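Listed in order, the protein sequences are those of chains A and B. Using this note's numbering, read the first sequence as starting at 1 and increasing by one per residue. Using this note's numbering, read the second sequence as starting at 1001 and increasing by one per residue. Idealized CB from N, CA, C, for every residue including glycine. Because the structure is a prediction, the values reported are computed rather than measured.
Protein chains: 2
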Amino acid sequence: MTGWVKIAGLGPGAEDLVTPQVHEALTEATDVVGYIPYVARVAERPGLTLHPSDNRVEIDRSRHALEMAAQGKRVVVVSSGDPGVFAMAAAVFEAVEAGPDTWRDLEIEVLPGITAMLAASARAGAPLGHDFCAINLSDNLKPWDLIEKRLRLAAEGDFAMAFYNPRSKSRPQGFERTLDILKEACGDNRPVIFARAVSTPNEEIRVVPLQDTAPDMADMRTMVIVGSSRTRIIARDGAPIIYTPRSTPQ
Amino acid sequence: MTGWVKIAGLGPGAEDLVTPQVHEALTEATDVVGYIPYVARVAERPGLTLHPSDNRVEIDRSRHALEMAAQGKRVVVVSSGDPGVFAMAAAVFEAVEAGPDTWRDLEIEVLPGITAMLAASARAGAPLGHDFCAINLSDNLKPWDLIEKRLRLAAEGDFAMAFYNPRSKSRPQGFERTLDILKEACGDNRPVIFARAVSTPNEEIRVVPLQDTAPDMADMRTMVIVGSSRTRIIARDGAPIIYTPRSTPQ
Chain A
1 MTGWVKIAGL GPGAEDLVTP QVHEALTEAT DVVGYIPYVA RVAERPGLTL HPSDNRVEID
61 RSRHALEMAA QGKRVVVVSS GDPGVFAMAA AVFEAVEAGP DTWRDLEIEV LPGITAMLAA
121 SARAGAPLGH DFCAINLSDN LKPWDLIEKR LRLAAEGDFA MAFYNPRSKS RPQGFERTLD
181 ILKEACGDNR PVIFARAVST PNEEIRVVPL QDTAPDMADM RTMVIVGSSR TRIIARDGAP
241 IIYTPRSTPQ
Chain B
1001 MTGWVKIAGL GPGAEDLVTP QVHEALTEAT DVVGYIPYVA RVAERPGLTL HPSDNRVEID
1061 RSRHALEMAA QGKRVVVVSS GDPGVFAMAA AVFEAVEAGP DTWRDLEIEV LPGITAMLAA
1121 SARAGAPLGH DFCAINLSDN LKPWDLIEKR LRLAAEGDFA MAFYNPRSKS RPQGFERTLD
1181 ILKEACGDNR PVIFARAVST PNEEIRVVPL QDTAPDMADM RTMVIVGSSR TRIIARDGAP
1241 IIYTPRSTPQ
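Here it is as structure tokens:
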């Protein structure tokens, strides 16, 4: 039997946002590895072994997947959202590069998914309808100074911005500094979208003018989207529509 | 009958990358509008009217969709990729904002899809595995100076970059200038991915060191991804794996 690893994006949470390609891979798999809450989304069946693991063990989990594939197993590594965006794909390739040469010859495929920023954007309107940046606000794996530099450059370029991992209990200060930097650098009241648990029954979407934002509006399950200076709000009964026009005047 | 508009992402081309949510909307629709090649991807059936239209008439098409919904039709506006990324969602909201007040009360929903940069990234490895920018290189709707400014800032911030609409017959110079700017600003030989017709039978993926790139490597069907200074190449038999590690050392 020829083993393989497929790194699959389960999307933001709703079952109807999982692609048929990912369903097919799960049907063919002998083993599924991933962070506990994502593995919990995979249906149990005879012949399939689930290997849930804790957060922050991405490299160990990747090695485990690659070892099993080398033994002939068909392994799906599950990520939420898209595996290529601040998720498991880069971790698996880091393990491949550092591992035995034979791992390079394994069949390894990335199966894209609906990433959180695009699910959140869809629920709010089209805030990422023009040029934008995606930034991971966690400084677990990079220096804070680099995050700050990127925030200032993104503001200077008038990009819309999407923030992953804005805030956690272990690092509450970063998001506060992020908002301070943006309030100063943008100097206007553009809309900020706080989208929590998008596409799940607990979904909450909140739109707040930049100058009124506060750090406790986000947690680790929140996707934060900051409009550009051109982003528009269409007021109406019910939730407003937030979108960034396609054009910028000369 | 209550009409609605759903702006749906068909993904990059492969049928198994279309979400069940989008399939469901197409099943319920009375009318489908969109650019000719995207409408051609929708199966004909009794009770469904297809309204294909040409490129560059996005606002006319949006008005048509909104008018039909106001008359009680269930209208799906189809986009390739994700409708919120350089696609139809912003166009529909521009039409809503400029249109009669009654259009604001219509049920309008955006259904996310697999956007081209994430499909391309998945095929190459995980080049967008760390902070990145998405930039539309077409200067049809924005001044070229703004594109150039954003390119320089993105390079200064060491973002990976994904370029939509890199080149067309009517504006061949822009992509040439883009490559010149990046060669100068990045000053290294980081990998550039040219991903054409991703997930279709005509798919072509080409990885070229930045200093060896040439303008004719891209056309309008090409997604271009430029790595950051940290992006890695894993050589192996067959196509190399390109990925950007999750961490940046202090």
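Could you name the residues of the same chain whose beta carbon sits closer than 8 Å to that of residue i, not counting the 5 residues immediately before and after it, in chain order?
i: residue 1202 of chain B; result: 1196
i: residue 1190 of chain B; result: 1209, 1210, 1226, 1227, 1228, 1229, 1231
i: residue 1072 of chain B; result: 1001, 1002, 1003
i: residue 1023 of chain B; result: none
i: residue 1172 of chain B; result: 1215
i: residue 156 of chain A; result: 185
i: residue 1102 of chain B; result: 1070
i: residue 1130 of chain B; result: 1160, 1228, 1230, 1244, 1245, 1246, 1248
i: residue 238 of chain A; result: none
i: residue 1099 of chain B; result: 1063, 1066
DSSP three-state call for residue i: helix, strand or coil?
i: residue 185 of chain A; result: helix
i: residue 1073 of chain B; result: coil
i: residue 130 of chain A; result: coil
i: residue 1062 of chain B; result: helix
i: residue 1207 of chain B; result: strand
i: residue 1149 of chain B; result: helix
i: residue 119 of chain A; result: helix
i: residue 50 of chain A; result: strand
i: residue 104 of chain A; result: helix
i: residue 14 of chain A; result: coil
i: residue 1007 of chain B; result: strand
i: residue 111 of chain A; result: strand
i: residue 1171 of chain B; result: strand
i: residue 1223 of chain B; result: strand
i: residue 1 of chain A; result: coil
i: residue 93 of chain A; result: helix
i: residue 251 of chain A; result: With chain A running from 1 to 250 in the structure shown, residue 251 of chain A is simply not present.
i: residue 1085 of chain B; result: coil
i: residue 1057 of chain B; result: coil
Cutting at 6 Å between CB atoms, please list the residues of its own chain near residue i, excluding the five before and the five after it.
i: residue 49 of chain A; result: 31
i: residue 109 of chain A; result: 6
i: residue 82 of chain A; result: 9, 112, 113, 115
i: residue 1013 of chain B; result: 1199, 1200
i: residue 1019 of chain B; result: none
i: residue 1052 of chain B; result: 1036, 1039
i: residue 221 of chain A; result: 196, 197
i: residue 1061 of chain B; result: 1033, 1053
i: residue 119 of chain A; result: 12, 198, 199
i: residue 204 of chain A; result: 196
Leaving out the 5 sequence neighbours to the left and right, which residues in its chain are closer than 7 Å to residue i when beta-carbon positions are compared?
i: residue 104 of chain A; result: 96
i: residue 1059 of chain B; result: 1091, 1094, 1095
i: residue 38 of chain A; result: 10, 78, 79, 80
i: residue 29 of chain A; result: 48, 74, 75, 76
i: residue 42 of chain A; result: 26, 32, 50, 78
i: residue 233 of chain A; result: 191, 240, 242
i: residue 144 of chain A; result: 174
Anything in chain A within Cβ reach of residue i, meaning under 7 Å, just list it in chain order.
i: residue 1170 of chain B; result: By Cβ distance, chain A contributes nothing, its closest Cβ being about 17 Å from residue 1170 of chain B, past 7 Å.
i: residue 1043 of chain B; result: Correct list: empty, because the minimum Cβ distance to chain A is about 15 Å.
i: residue 1097 of chain B; result: 232, 234
For residue i, go through chain B and note every residue whose CB falls closer than 7 Å to its CB, in chain order.
i: residue 105 of chain A; result: 1236, 1237
i: residue 20 of chain A; result: 1016
What does residue i touch in chain A if you count any residue whose Cβ is under 8 Å from its own?
i: residue 1094 of chain B; result: 243, 245, 246
i: residue 1112 of chain B; result: 17, 114, 118, 119, 121, 122
i: residue 1025 of chain B; result: Result: empty, since nearest Cβ-Cβ is about 10 Å, beyond 8 Å.
Could you tell me which chain A residues have their CB closer than 9 Å to the CB of residue i, listed as they occur along the chain?
i: residue 1175 of chain B; result: Under the 9 Å cutoff, chain A gives no residues; its nearest Cβ is about 16 Å from residue 1175 of chain B.
Residue i touches chain B at which residues, Cβ-Cβ below 8 Å?
i: residue 131 of chain A; result: 1133, 1134, 1135, 1136, 1150
Worksheet entry | Inter-stretch contact at 8 Å, needing at least 3 Cβ pairs: the segment 80-94 of chain A / the segment 1120-1131 of chain B | Touching, yes, given that three or more Cβ pairs across the two stretches are closer than 8 Å.
Worksheet entry | Residues within the segment 137-150 of chain A neighbouring chain B, beta-carbon criterion of under 8 Å | Using a CB distance below 8 Å, the part of the segment 137-150 of chain A facing chain B consists of 141, 142, 143, 146, 149, 150, ordered along the chain.
Item to complete: Could you run through the segment 1213-1237 of chain B and flag, in chain order, every residue whose CB is less than 7 Å away from some CB of chain A?
Response: 1232, 1234, 1236, 1237
Practice prompt. Taking 8 Å as the threshold, find out whether the segment 1156-1170 of chain B comes into contact with the segment 161-172 of chain A through three or more Cβ pairs.
Written response: no
Worksheet item: Counting Cβ pairs closer than 8 Å, one from the segment 174-193 of chain A and one from the segment 133-150 of chain A, do we hit at least three?
Response: Verdict: yes, contact present.
Item to complete: Would you list, in chain order, the members of the segment 1075-1087 of chain B that have their beta-carbon closer than 7 Å to a beta-carbon of chain A?
Response: Against chain A - using a Cβ distance shorter than 7 Å - the residues of the segment 1075-1087 of chain B are 1082, 1084, 1085.
Worksheet item: Along the segment 1177-1203 of chain B, what residues have a CB closer than 7 Å to any CB found in chain A?
Response: Under the 7 Å Cβ criterion, the segment 1177-1203 of chain B contributes no residue.
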